Each structure stands twice: as structure tokens, then as C-alpha cells.
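Okay, so here's the structure we're looking at.
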């Protein structure tokens with residue numbers, strides 16, 4: 144996915160070979176544009192879900208990449224168009240898709256969804272504490288999923304949030320937890336070996352006219 148210029152959407156994928164230091168272009172089934180997710184499954188396949196494929200046009204298409212054959216096959220569609228969401232592999236092999244919205248920026252289907260590779264099906268989780276766009280996720284050592292930051296689903300002006308919550312797959316519950324030190328979206332969240340989670344970068348102001356003061360230090 145991705146795009147290389149205004150309204151010029153990249154519809155293929157590329158494979159990097161670290162031994163040969165080369166990239167190989169692979170046509171995908173569907174154009175995903177931007178705002179989609181790619182999640183490595185337990186069996187080594189990759190689930191690619193949603194995204195925007197043109198100016199204000201989003202998709203509910205889902206496909207899976209099968210590395211041994213360098214091939215794609217169709218997976219069950221999302222319940223509705225969705226982009227600007229986040230995803231995380233659960234310990235049991237399911238995939239959690241968090242937040243996101245339609246082309247109009249509205250919530251798409253449920254607040255969060257679960258994809259089950261065994262049944263090739265989607266289901267809704269319990270309601271999130273704070274539905275959001277552009278959130279980031281991290282899997283904690285006990286298998287729960289931390290969701291932090293992003294922008295809240297409110298009318299203009301769009302505001303970044305510092306709110307965080309945790310999803311417990313065993314209980315199918317969401318619980319509010321400690322907030323980020325400052326609101327941020329479009330950042331990275333990563334689990335550290337000691338169990339801590341680091342949030343790096345991002346912006347505190349939403350829009351297309353960022354300045355240096357817009358960035359989170």
C-alpha cells in the first residue's frame with residue numbers, strides 16, 4: 144500500500160530480501176492505499192485489512208499474504224469500511240482491530256473487532272472506553288492489549304487524546320488505565336523486554352499544516 148503523489152495510490156506490495164538486499168514487487172488483490180493494517184499471523188501469513196483507496200474512499204476488503212507461494216488470497220471482509228485503525232495479534236492467534244473510521248471519519252461497525260483465522264470470521268468486542276482513530280497498540284506480557292493515544296471521534300475541531308485503555312481477551316473487557324503524559328497521535332508504541340511500553344514521536348495537533356510546535360518531543 145501507500146501513495147506516491149496526490150491521488151496516485153500504490154496498489155502493489157514489495158518483498159525485501161535481506162540476503163540479496165533486493166526488493167521484489169508483488170501485485171496484491173486489492174488496493175489498500177493508506178490507513179490499513181498488516182498483521183503477522185502465528186502461521187507466518189500476513190493479514191492486510193481496510194484502508195483508503197482514493198480521495199475519501201475507504202474499503203472493507205481484507206486479504207492474506209501466503210509467503211511460501213508469494214501469493215494472496217481473499218479473507219472475510221470487515222463488517223464495514225474502515226481505515227486509520229490499529230491491529231495487534233493476540234496470544235491465541237486471533238487479531239484485534241482497534242478503532243478506525245469510515246471515509247467520513249465516523250466509527251466503522253463496532254469500536255473494535257476480532258478476526259479469527261480458524262473460522263475466517265469477524266466479531267465485535269465489548270465496547271471500548273474511548274472509541275478513537277489513529278491509536279497505537281502494544282501486547283503486554285500477560286497477553287492483554289494496551290491501546291493509547293489517537294484522536295477522539297468528535298466533531299471539529301479534532302483533538303488528539305492522551306487516554307489509554309487495556310483490552311483483556313480472556314474476559315472480553317476494556318478498562319481505562321493511566322493516560323499518556325501528553326496527547327499524541329501518529330506515533331509509535333512498542334513493548335520492551337522488561338514489560339514496559341515506550342511511546343515515541345507523534346503530533347499533538349490534528350491537521351495538514353503542522354509546525355515544529357505541533358510535534359510531541
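Residue numbers (our numbering): 144 to 360. Glycine residues also receive a C-beta, built at the ideal position from the N, C-alpha and C atoms. These numbers come from a predicted model, not from an experiment.
| request: Please say whether residue 245 and residue 178 have beta carbons closer to each other than 7 Å? | output: Taking the chain shown and counting its residues from 1, one reaches residue 178 at position 35. Taking the chain shown and counting its residues from 1, one reaches residue 245 at position 102. Contact: no.
| field | Boundaries (first-last residue) of the beta strand (DSSP E) holding residue 160 | value | Translated into positions along the chain shown, residue 160 becomes position 17. Looking at the DSSP string, the run of the beta strand (DSSP E) that includes residue 160 is 155 to 160.
| Which residues in the same chain have their Cβ closer than 6 Å to the Cβ of residue 348, if we skip the five residues on either side of it in sequence? | For this step, residue 348 is matched to residue 205 along the chain shown. Result list for residue 348: 357, in chain order.
| task | Buried or exposed for residue 194, please, with buried defined as at least 16 other CB atoms from any protein chain shown within 10 angstroms of its CB. | result | As a working mapping, residue 194 is identified with position 51 in the chain shown. Its Cβ being crowded by 16 or more others within 10 Å, residue 194 is buried.
| Distance, Cα to Cα, residue 217 vs residue 238? | Position 74 of the chain shown, counted from the first residue, corresponds to residue 217. Position 95 of the chain shown, counted from the first residue, corresponds to residue 238. The alpha-carbon atoms of residue 217 and residue 238 are separated by roughly 16 Å.
| message | With a threshold of 8 Å on Cβ separation, who are the neighbours of residue 294 within its own chain once the five nearest residues in sequence on each side are excluded? | response | Sequence index remark: in the chain shown, residue 294 carries index 151 (1-based). Taken in chain order, the residues that qualify are 275, 276, 277, 301, 302, 303, 304, 328 and 349.
| query | Can you pull the DSSP bridge partners for residue 176? | reply | Counting from 1 along the chain shown, the entry for residue 176 is found at position 33. Note: residue 176 sits in a beta bridge opposite 195.
| Is residue 342 closer than 7 Å to residue 332 when the C-beta atoms are compared? | In the chain shown, the residue the question calls residue 332 occupies position 189. In the chain shown, the residue the question calls residue 342 occupies position 199. A contact, by the Cβ cut-off of 7 Å.
| request: Identify the continuous beta strand (DSSP E) that holds residue 259 and give its terminal residues. | output: By 1-based counting over the chain shown, the position of residue 259 is 116. 255 to 259 is the span of the beta strand (DSSP E), which, as asked, contains residue 259.
| task | Go to residue 348, then tell me how far its beta strand (DSSP E) extends in each direction, as first and last residue. | result | As a working note, residue 348 is residue 205 in the chain shown. That residue, residue 348, is in no beta strand (DSSP E); it is neither H nor E in DSSP.
| query | Is the region 164 to 173 close to the region 197 to 210, with three or more CB pairs under 8 Å? | reply | yes
| said: Distance check for residue 146 and residue 152, CA to CA, integer angstroms please. | reply: Within the chain shown, the letter at position 9 stands for residue 152. Within the chain shown, the letter at position 3 stands for residue 146. Going from the Cα of residue 152 to the Cα of residue 146 covers about 4 Å.
| message | Within a Cβ cutoff of 6 Å, which residues of the same chain sit near residue 311, ignoring the five residues on either side of it in sequence? | response | By one-based count along the chain shown, residue 311 stands at place 168. Here the set comprises 287.
| field | Sequence-distant residues of the same chain with beta carbon closer than 7 Å to residue 159, five excluded per side | value | Start at 1 with the first residue of the chain shown, and residue 159 comes out as number 16. Around residue 159: 166.
| field | Buried versus exposed call for residue 241 [16 or more other C-beta atoms within 10 Å across all chains shown] | value | Position 98 of the chain shown, counted from the first residue, corresponds to residue 241. So residue 241 counts as buried.
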